[in-house]
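This report refers to the structure that appears directly beneath it.
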Amino acid sequence: MKLATVRLTTEPGLTTAAVIEEGRLYYLENLANVQKFLRLDNATQQEVVARALVGDSIAEGEADYAALIPTPAKVYCIGLNYRNHIAEVGAEEPEFPTVFAKFASTLCGANDTVEIPAEDYRMDYEGELAIVIGKPGRRISIEDAENHIAGYAVSNDVSMRGFQGRTTEWLQGKAWDKSTPVGPWLVTSEEFTPGAKITTKVNGAVVQEDSTDDLVFSAAELVSYLSVINELQPGDLILTGTPAGVALGRRDEHGRRPWLKAGDTLETSIEGLGTSAVKFTSA
Numbered sequence: 009m010k011l012a013t014v015r016l017t018t019e020p021g022l023t024t025a026a027v028i029e030e031g032r033l034y035y036l037e038n039l040a041n042v043q044k045f046l047r048l049d050n051a052t053q054q055e056v057v058a059r060a061l062v063g064d065s066i067a068e069g070e071a072d073y074a075a076l077i078p079t080p081a082k083v084y085c086i087g088l089n090y091r092n093h094i095a096e097v098g099a100e101e102p103e104f105p106t107v108f109a110k111f112a113s114t115l116c117g118a119n120d121t122v123e124i125p126a127e128d129y130r131m132d133y134e135g136e137l138a139i140v141i142g143k144p145g146r147r148i149s150i151e152d153a154e155n156h157i158a159g160y161a162v163s164n165d166v167s168m169r170g171f172q173g174r175t176t177e178w179l180q181g182k183a184w185d186k187s188t189p190v191g192p193w194l195v196t197s198e199e200f201t202p203g204a205k206i207t208t209k210v211n212g213a214v215v216q217e218d219s220t221d222d223l224v225f226s227a228a229e230l231v232s233y234l235s236v237i238n239e240l241q242p243g244d245l246i247l248t249g250t251p252a253g254v255a256l257g258r259r260d261e262h263g264r265r266p267w268l269k270a271g272d273t274l275e276t277s278i279e280g281l282g283t284s285a286v287k288f289t290s291a
């Protein structure tokens with residue numbers, strides 16, 4: 009099953025949760041976003057979807073996708089979780105997950121426009137697989153972790169490297185408003201194939217490509233680990249890290265790093281999960 013949060017073109021400022029079947033998108037009645045849907049019990053979820061699927065629909069390509077989970081209680085991010093990315097930045101493989109966090113205000117829709125701030129031109133991309141929690145839990149075992157995952161989505165941990173590099177703590181480079189696309193939709197766990205290829209493109213050129221099997225810490229391991237720190241709740245997000253190929257690890261023929269710039273289009277794709285395509289503009 010595919011779930012999305014979309015903007016209502018007839019009612020500016022409002023959103024609705026939706027289910028997508030065979031390329032058609034159906035609104036879920038009285039649910040403003042996917043997070044609210046995930047908080048329902050399984051029986052009610054099935055009833056809501058069944059009612060929606062006999063109603064009106066639009067083509068999935070016609071929808072205006074908002075942030076998949078607009079106000080998660082927690083947005084965890086994992087650094088240094090692909091072996092080739094660890095190598096390109098000259099770090100050592102960590103013994104434990106490298107954990108930091110974002111705020112809900114950093115999230116945006118899969119096809120939104122992201123501003124490059126005047127304060128820092130060093131804007132970088134990090135294509136990532138996002139985990140969406142569907143069932144609450146604390147101290148979840150690795151074996152039981154998949155039962156707490158609602159599904160997976162495409163994300164990009166867009167980063168301000170100038171601010172990030174000011175201190176050893178990364179938050180100030182990772183928490184800029186409306187800079188982190190998640191979506192366009194969530195694909196439920198039973199329909200997602202582990203080991204899917206993740207690809208990031210800038211203006212059509214491939215800059216990152218890897219398998220989600222190359223994670224140092226798997227989705228189940230991350231859910232288990234983070235649930236020791238906090239009780240996980242439906243709608244919580246875990247961005248699982250990025251593979252090699254970020255601008256920070258590249259230089260062009262003139263020795264300059266290829267930071268994102270106004271007019272660029274950033275596409276992030278994961279097999280089976282779709283593609284986000286954000287554009288960049290100057291603030």
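When we follow the numbering used here, the leftmost residue of the sequence shown carries the number 9, and every step to the right adds one. Here a beta-carbon is modelled for each residue, glycine too, at the ideal position from N, C-alpha and C. Only a predicted model underlies this, so the values are computations on that prediction, with no experimental measurement involved.
Taking Cβ positions, are residue 88 and residue 106 nearer each other than 7 Å? Annotated as proximal: residue 88 and residue 106, with beta-carbon spacing under 7 Å.
Can you check the stretch 52–107 for any beta strand (DSSP E) of at least 3 residues that lies completely inside it and give the ranges in chain order? Here the runs fully enclosed are 83–87.
Quickly, what does DSSP pair residue 164 with across the bridge? List them, please. The partner list for residue 164 (beta bridge, DSSP) reads 135.
Evaluate residue 156 with the Cβ neighbour count: other Cβ atoms within 10 Å of its Cβ, from every protein chain shown; 16 or more gives buried, anything less gives exposed. That one is buried.
Give the secondary structure of residue 220 by DSSP, where H, G and I count as helix, E and B as strand, and everything else as coil. In the structure shown, residue 220 sits in a helix (DSSP, three-state: H, G or I).
Sorted by chain position, which residues of the same chain lie with C-beta nearer than 6 Å to residue 153's C-beta, five sequence neighbours on each side aside? Around residue 153: 228, 231 and 232.
Hey, how far is the Cα of residue 179 from the Cα of residue 62? For the pair residue 179 and residue 62, the Cα-to-Cα distance works out to about 45 Å.
Along the beta strand (DSSP E) that carries residue 35, what are the first and last residues, could you check? Residue 35 -> beta strand (DSSP E) spans 32–35.
Can you tell me whether residue 275 is buried or exposed? The criterion is at least 16 other CB atoms within 10 Å of its CB, across all chains shown. Counting of Cβ neighbours within 10 angstroms places residue 275 among the buried residues, the total reaching 16 or more.
Have a look at 243, 44 and 149 and flag the residue whose alpha-carbon is nearest the alpha-carbon of residue 84. Per the Cα distances, 243.
Beta carbon of residue 136 nearer than 7 Å to that of residue 247: Closer than 7 Å, so yes.
DSSP three-state label for residue 254, please. Residue state, collapsed to three classes: coil.
Burial state of residue 200 (16 or more Cβ within 10 Å): Counting of Cβ neighbours within 10 angstroms places residue 200 among the buried residues, the total reaching 16 or more.
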